[in-house]
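Trainee: Protein chains in written order, with the numbering used here: chain A, 37 to 466; chain B, 1191 to 2248. Ideal Cβ positions, reconstructed from N, Cα and C, are used throughout, including at glycine. Once you've had a glance at the structure underneath, I'll fire off some questions.
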Amino acid sequence: MTVMTKPFSSFEMAQTQFDRVADVLQLDQGACELLRNALREFSFAIPTRMDDGRIQVFRGFRVQHNDARGPSKGGLRFHPMETLDTVRALAMWMTWKCAVVDIPLGGGKGGVICDPHNLSAGEQERICRGFVRQMGRNMGPNLDVPAPDVMTSAQHMLWMLDEFEAIHGSHQPGFITGKPIGVGGSQGRTEATGFGLVFTIREALKELGINARETTASVQGFGNVAQHAIRLYTQIGGKVTCVACWDQTDQTTYAYMKHAGIELDELLGITDRFGGIDKAKAQELGYEVLPGDAWISQDVDILIPAALENQIRGDNAGTISDRVKLLAEGANGPTSPEADRILHDRGIFVIPDLLANAGGVTCSYFEQVQSNMNYYWDKDEVLGKLDVKMTSAFIAVSDLARRRKLYMRDAAYLIAIDRVVRACRDRGWL
Amino acid sequence: MPTSDDSIKQILQSLQERAKELNCLYRVDEILNRRDQPPENVFQQLIEAIPPGWQYPEVCRAKVVVNGQSYTPADFTATEWMQCADISIEGEAVGDLTVCYTEKRPAESEGPFLLEERRLINAIVERIGLYIMQSRLRVAHASLHQALEAPTTAQPWGILLEFLQRTDPRLLNRITRKMINNLCWHGVTDAEPLLQTHLGQTRSREDEQPDENRPMERWQLLDESDLTRRTFDIAAENLNEAEIVQCIQEWINEEKSTVLIKSLENPGTGLAELSEAVERFESAGIDESALPIAVQTSLKVALLRRFFVDSLDFINVAKNFVAVRDFYELTQRVIHPARSQGKLGGKGAGLFLATQILKRSTDNTNLLSNLKTPRTWYVASDGVLDFIHYNNLEELYNTKYMEIERVRQDYPHVVQVFKNSRFTSDVLKGLATALDDFDNRPIIVRSSSLLEDRAGAAFSGKYKSLFLANQGTKEQRLAALQDAIAEVYASIFSPDPIEYRAERNLLDFREEMGILIQEVVGRRVGHYFLPACAGVAFSNNEYRWSPRIHREDGLVRLVPGLGTRAVDRMSDDYPVLLAPGQPGLRANATADEVVRYSPKHIDVINLKTNSFETIDVEQLLREYGDEYPAVRQVISMVDQDRIRPPLPLEPDWSHDDFVITFEGLIGEGRLVQQLGAMLNLLRDKIGMPVDIEFAHDGEDLYLVQCRAQSYSNEDAPAPIPQDIPRDRLIFSANRHISNGRVADITHIVYVNAARYSEISDIQHLRSVGRAVSRLNQVLPKRQFVLIGPGRWGSRGDIRLGVSVTYSDINNAAVLIEVARQKGNYIPELSFGTHFFQDLVEAGIRYLPLYPDDGGIVFNEAFLTHSQNILPGLVPEYSHLADTIHVIDVPEQTGGLVLRVLMNADLEQAAGLLDEPGLPVGPVSPPTRPGGQVTEQHWRWRLRMAEQIARLVDVTRFGVKAIYIIGSTKNATAGPASDIDLIIHDAGDERQRHLLATWLDGWSGSLAETNYLRTGYRTDGLLDVHYVTDQDIADQSSFASKIGAVTDAAKQLAISSAS
């Protein structure tokens, strides 16, 4: 048991992770110091007029962790207990994430300490505009590009974009991503993460010498990511035999199993918009309904956790079937460190979340590119370019893992940090 | 059924007679309404109009005598075959009507006359009496008017008196006496001898009465006229003309009101007579406001008491907002049995009062000017007694004293008996008239029980309300309406209200129940009928999702379609929540929340099948979106993660993604402001918080019901004892308090804030959430509180609060967030926002604690130093014993329990240790089929499962272990739930078969018992899953539940080999 002395800090955890890789890369003290901390941190006040006429002052943050490879990119969160510590950790994570798929962007993150549950829409709009008035000079399509995050939406982004463009007197849709189509948004955003996941699965199977047509998979989650992943995976010939999802009525999860393979469109017809499958109707359609955690013990080749974090743990990793050869992390952090060791020992090939679910950020990059040149691609073009990006990112990571006999997760971090260090070196910062 | 020609002829004949009688009555009315004609003409026409109403018109003659003047046809001769009725005004005979046959005719009920003809003649004389009274009044009024118009004429009141002398000398006498009193009261000494005379005479009359009655009276009359002259002479000397005229006018009005006052004061007056008295008052054209205030008040109070309730609170308020005229409108829509003594019941009273208040509001904002109430008819409360009596169902009164199982068993039968019973013709006629009024618009039949006044409005949900599509022919519609009323009547004898009444000692109260028949607000959409939205609104908000919302800001629960879904808490759907005082602050902030907690179903009336249905709202809109009233104000577009109003070309119903938000109605439609204004007005005028039901048809807002805001026991303000011994107080609070009380908490789960913040490892932090989730499964449902730091369910930084979802805490009774000071700031609490609506719908209470505030008690020592049963309870999490403390309160305190009392009025809450057991248990919320989960269902199921396990013959059947899973284990079982068992057996085929047969027996009898307890019919109650050693080794399907980390099966004790 750990000695409980120092409270948990997500930033320290991110730093520890970096330190491990820095050791492997034998980074010097200067590089470590630069990359362990953010390049720039802003903390500022946003005085806001409330509906009742009072002025309330909100605190805003923006951390630009590293922009050696390109403008900082990262979400803007509205959270009542937002802390600089969390924002720092998330900004660092964004730097690595952009680097691992090799897109020319840096990492950033920001937030405002506020609870939208306590604010009217008008008040939220004034906070958004206030944020831009304070921070606008340090952001922009070529500096720092925000996106929606916890408790912010496209609406918040559009308010910010409008304020930004009003200040600068010109259209600059590349200032923000996550915009609706028609206001500078990109096609393919819904599909991006799920498809990106399957692009990496396809490449991993090639590498393992397995024919995708002969594989089966079990998926946890049936939301946007999982649905699109299942569609593409089925298209490349794979067969999903089990999918687990949340049941709102019973307040528990169930796994829906069909040996012959699930029919995606049939299931979508009985699924609510939160990815909840109608249990009774599924039974009628011949699906076997099992307890929710049955997805993990299925006798399949591929496991795709695409729901929540911390789903594969020390206590259930043992139930994974011997047949499983590949685990693709569609969700963020689905595997606990303890389970990670078990997977490693059993020789299961893991496509780490950093890489596996980077389709989303890649598409945001595409959105920014299209916005900047004011020319918008059709969906096939977006998804085609996504395929190229994800494939080459996967190959780079797995090459490194093979060459250096590394675990895939470590290889992904290694390659990401290495790319950032190179950019810093090229610029003469290090 | 009469089949012969004869009987058909008979029926036809009698129908023809009725038609003749009616025609005659219409004709009489017509003639009497000709006010432009002199009375002589009128009576001359009358005697011609009357004979055709009789069975043998050719030999029938009529004679009218009025004020000594007789009107006869030329060939009138008195014969032995005649019938006669007096014409009287206020009991004084002023003439008579005689009808006679000139030749002999066959004998009927009264000589040759039919029973109906007696009724007819009585009706005619009554109308003539009214006519004469009105003429007199008109004359009096005209002369008064004349006098006032021409002030030069000496003594205008003199003319008035003269007229009275001619038309109504008795009234003049009374006015004279009043004037004498008035003069004496004003200290006019000259008048005192008159008073003496007056009194003296009275006395002398009393003395002489036994002997010489008649002569004295004559003498008196003479004297009265002299008295009048003398009195008014004195009056003229002491009062000015205007004063005298005003007095006389007031007294005349007062006198005219006496009919009404008399019938009100007479406890024997039936509703019919009362309605008639109100009608007469109305048609007498009395200016109500000209009556003395005392008379006005007395009339209103008596009317309110007579029509509605005795409750002083109600009358005190209502008397300020009603007029006699309002009752006239009301009586036009009251259906009652003959000789009814009934009232209109609680719901009727509330709606009537609210309507009057709103009608009289001086509204500057124009918010309430278009407010409407749906057309409503009432059936008097004794209608049900009459119905029972008419159909000889009195034995049912015994039902309520039977065992509840028996009641439940009998109930379906009772419903059928009621539905096959008949209504009396008076009521039937009334219902038919009501249906004509409603035309074929859908209606709702609601109970308006007199018990509501006694037991509080919490009772109102106990009886049925039925929606009727009201389509088809008049006969079909009438049959359906009768059916519905019968069914509502039958619900008096349904097990739930009887059980409820028994618990509250209300069984002996009489079963009087009024009925409200209300037009359903709405529009036709496809073959459905529904309002754009409907809901309930409360003056006091007992579920605040933000500290910026005050209790007085109110609460609105809004749903699409019929309001039924807003009234009850729902387990599978969510209404839109609003606080009218803070319309900008919504319970759901993110797009995901807005969509997740939006209404998914809609209650409608299906006009095709004539039934009330719950359907999928998305499907309805996809099919009939454009027909839905004000649809663009009802929905918002879901544009990826953005919720926005529909653009001009949207929505494309087949493709676009949309969600019900009512944003347009709330914003442009000013719905929230209207509701807010209405709540405020009603609260101010009634003097207490109210709750209302409303509906909106896309154009107008309708008030459907109003009553004082009721609290079920669990959300009533709890009195907080001031002398709690310090060692019994676990915590106190004084910020953001809602109302409520949670009794008999046996377990406390306390997450130690200091320890939690020291955890340095994210896995460790997460495991705290998982441990809570486990405890949520193993602790007794709704008997434990969760106390923890910061924000429960925080989705951002896990350090800010234990990471849980709603399903991890859904069995708790109370969720408490503790805000400890950190450095110089106090963290903001979540108010449960992450699963706020889930908490509301499940009735889980939320309480924020600020232990660092002055004067606040937070007994951390008790929470941290009591014995921690966590390791024993969930051994797999025993390493968290430092952080999570689970306290078995009775064990720790020698049998006490924790009680959480919350009082929003005082803004105080306390958690204290007390003896278990409150006088009144928690009130189960109103039930919807398949909706609410009540405690007893899972407890009883668990007990039965334990019983099965104890009784199973393990050697005979080869059983190794029995486990329980699913809703019974998780304490979520509803009335229709299965009992899910996993049976681990190692027997052979034969043993498995024997076991299955044995369990089948159990399953069947449990299903029957469950039916008797709940009214839910199932084929069997047990759902048995067999697993073998091999399954357990493989952890396949249900075997994986055994020893699972989450939601593990619970093993039941079985007898060792017997």
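Determine which residues share a DSSP beta bridge with A/Lys275 and list them.
Mentor: DSSP output for A/Lys275 lists A/Thr252 as bridge partner(s).
Trainee: Less than 8 Å between CB atoms is the rule here; does B/Lys2231 satisfy it with respect to chain A?
Mentor: Taking Cβ atoms only, chain A reaches closer than 8 Å to B/Lys2231, which makes this a yes.
Trainee: For A/Thr398, name the three-state secondary structure that DSSP assigns.
Mentor: In the structure shown, A/Thr398 sits in a helix (DSSP, three-state: H, G or I).
Trainee: Would you check if there are 3 or more beta carbon pairs closer than 8 Å linking the segment 233-251 of chain A to the segment 281-298 of chain A?
Mentor: At 8 Å Cβ cutoff, the stretches do not touch.
Trainee: State buried or exposed for A/Met409, treating a residue as buried only when at least 16 other CB atoms are found within 10 Å of its CB.
Mentor: With fewer than 16 Cβ atoms within 10 Å of its Cβ, A/Met409 is classed as exposed.
Trainee: Of all the CB atoms in chain B, is at least one closer than 8 Å to the CB of A/Arg309?
Mentor: Closer than 8 Å to some Cβ of chain B, the Cβ of A/Arg309 qualifies, so yes.
Trainee: Identify whether A/Val137 lies in helix, strand or coil by the three-state DSSP scheme.
Mentor: Coil.
Trainee: Quick check: the Cα distance between A/Trp132 and A/Leu244, rounded to an integer number of angstroms?
Mentor: Going from the Cα of A/Trp132 to the Cα of A/Leu244 covers about 26 Å.
Trainee: Indicate the three-state DSSP secondary structure (helix, strand or coil) for B/Thr1777 in the structure shown.
Mentor: Correcting the residue type first, residue 1777 of chain B is Ala in the shown sequence and not Thr. In this structure, B/Ala1777 counts as coil in the three-state DSSP scheme.
Trainee: Taking the alpha carbon of B/Ala2003 as the reference point, which residue from B/Ser1488, B/Val2030, B/Val1378 has its own alpha carbon closest?
Mentor: Closest by alpha carbon: B/Val2030.
Trainee: Pick out the complete beta strand (DSSP E) segments inside the segment 1810-1866 of chain B, 3 residues or longer, and give them in chain order.
Mentor: If we require 3 residues or more, the beta strand (DSSP E) runs fully inside the segment 1810-1866 of chain B come out as 1825-1829, 1832-1834, 1848-1850.
Trainee: For the alpha helix (DSSP H) holding A/Ser46, just list the boundary residues, first then last.
Mentor: Residues 46-61.
Trainee: Kindly list the residues whose CB is nearer than 6 Å to the CB of B/Gly1859, restricted to its own chain and excluding five residues on each side of it in sequence; keep chain order.
Mentor: Answer for B/Gly1859: Gln1823, listed in chain order.
Trainee: Using 8 Å as the cut-off, can you tell me whether the segment 1927-1936 of chain B makes contact with the segment 1551-1571 of chain B, which would need three or more C-beta pairs spanning the two stretches below that distance?
Mentor: No, because fewer than three Cβ pairs between the segment 1927-1936 of chain B and the segment 1551-1571 of chain B fall closer than 8 Å, the two stretches do not touch.
Trainee: List in chain order: all unbroken alpha helix (DSSP H) runs of 4+ residues lying wholly within the segment 2144-2173 of chain B.
Mentor: DSSP runs (the alpha helix (DSSP H)) wholly in the segment 2144-2173 of chain B: 2144-2147, 2156-2159.
Trainee: For the segment 258-324 of chain A, list the beta strand (DSSP E) runs that are entirely contained and at least 3 residues long, ordered along the chain.
Mentor: Whole beta strand (DSSP E) segments, 3+ residues: 275-283, 288-293.
Trainee: Return yes when at least one heavy atom of the ligand ZN lies under 7 Å from the C-beta of B/Ala1426, else no.
Mentor: Looking for the ligand ZN in the displayed structure turns up nothing, as the structure carries no ligands at all.
Trainee: Using a Cβ-Cβ distance under 8 Å, would A/His153 count as near chain B?
Mentor: It does: the Cβ of A/His153 has a partner Cβ on chain B nearer than 8 Å.
Trainee: Give me the Cα-Cα distance between B/Phe2228 and B/Met2134, rounded to the nearest whole angstrom.
Mentor: Their Cα atoms are separated by approximately 21 Å.
Trainee: Measuring only the C-alpha atoms, how far is A/Glu48 from B/Glu2066?
Mentor: Going from the Cα of A/Glu48 to the Cα of B/Glu2066 covers about 28 Å.
Trainee: If I follow the unbroken beta strand (DSSP E) through B/Ser2245, where does it start and stop?
Mentor: Run containing B/Ser2245: none; DSSP gives neither H nor E here.
Trainee: Please classify B/Ala1268: does DSSP put it in a helix, a strand, or coil?
Mentor: Looking at B/Ala1268 - three-state DSSP - the assignment turns out to be coil, as it is neither helix nor strand.
Trainee: Pairs of beta-carbons, one from the segment 185-205 of chain A and one from the segment 159-169 of chain A, closer than 8 Å: are there three or more?
Mentor: Touching, yes, given that three or more Cβ pairs across the two stretches are closer than 8 Å.
Trainee: Using only the alpha-carbon positions, how far apart do A/Ile338 and B/Leu1855 sit?
Mentor: Rounded to the nearest angstrom, the two C-alpha atoms are 50 Å apart.
Trainee: Skipping 5 residues on each side, what residues in its chain have a beta carbon closer than 6 Å to that of B/Phe1303?
Mentor: Around B/Phe1303: Gln1273.
Trainee: Could you name the residues of chain B that A/Pro184 contacts, counting a contact when the two beta carbons are closer than 8 Å?
Mentor: Near A/Pro184 (Cβ distances below 8 Å), the residues of chain B are Asp1831.
Trainee: At 4 residues or longer, and completely inside the segment 1464-1493 of chain B: list those alpha helix (DSSP H) runs for me, N to C.
Mentor: Whole alpha helix (DSSP H) segments, 4+ residues: zero.
Trainee: Between which two residues does the alpha helix (DSSP H) containing B/Glu1230 stretch?
Mentor: Unbroken alpha helix (DSSP H) run through B/Glu1230: 1229-1239.
Trainee: Whole angstroms are fine: how far does the CA of B/Asn1730 sit from the CA of B/Lys1368?
Mentor: Whole-angstrom Cα-Cα distance: 51 Å.
Trainee: Three-state secondary structure (DSSP) at B/Val1785?
Mentor: Residue state, collapsed to three classes: helix.
Trainee: Let me know if B/Thr1566 comes out buried or exposed under the rule of 16 or more other beta-carbons within 10 Å of its beta-carbon.
Mentor: Per the 10 Å Cβ criterion, buried.
Trainee: Please classify B/Leu1222: does DSSP put it in a helix, a strand, or coil?
Mentor: Here B/Leu1222 sits in helix by DSSP.
Trainee: DSSP beta-bridge partners for A/Ser108?
Mentor: BP columns for A/Ser108 point to A/Gly142, A/Asp180.
Trainee: Would A/Ser407 and A/Gly210 be called neighbours here (beta carbons separated by less than 8 Å)?
Mentor: A contact, by the Cβ cut-off of 8 Å.
Trainee: Under DSSP, the beta strand (DSSP E) around B/Pro1750 begins and ends at which residues?
Mentor: 1745-1750 is the extent of the beta strand (DSSP E) around B/Pro1750.
Trainee: For A/Pro327 and chain B, any beta-carbon pair shorter than 8 Å?
Mentor: Interface residue, yes.
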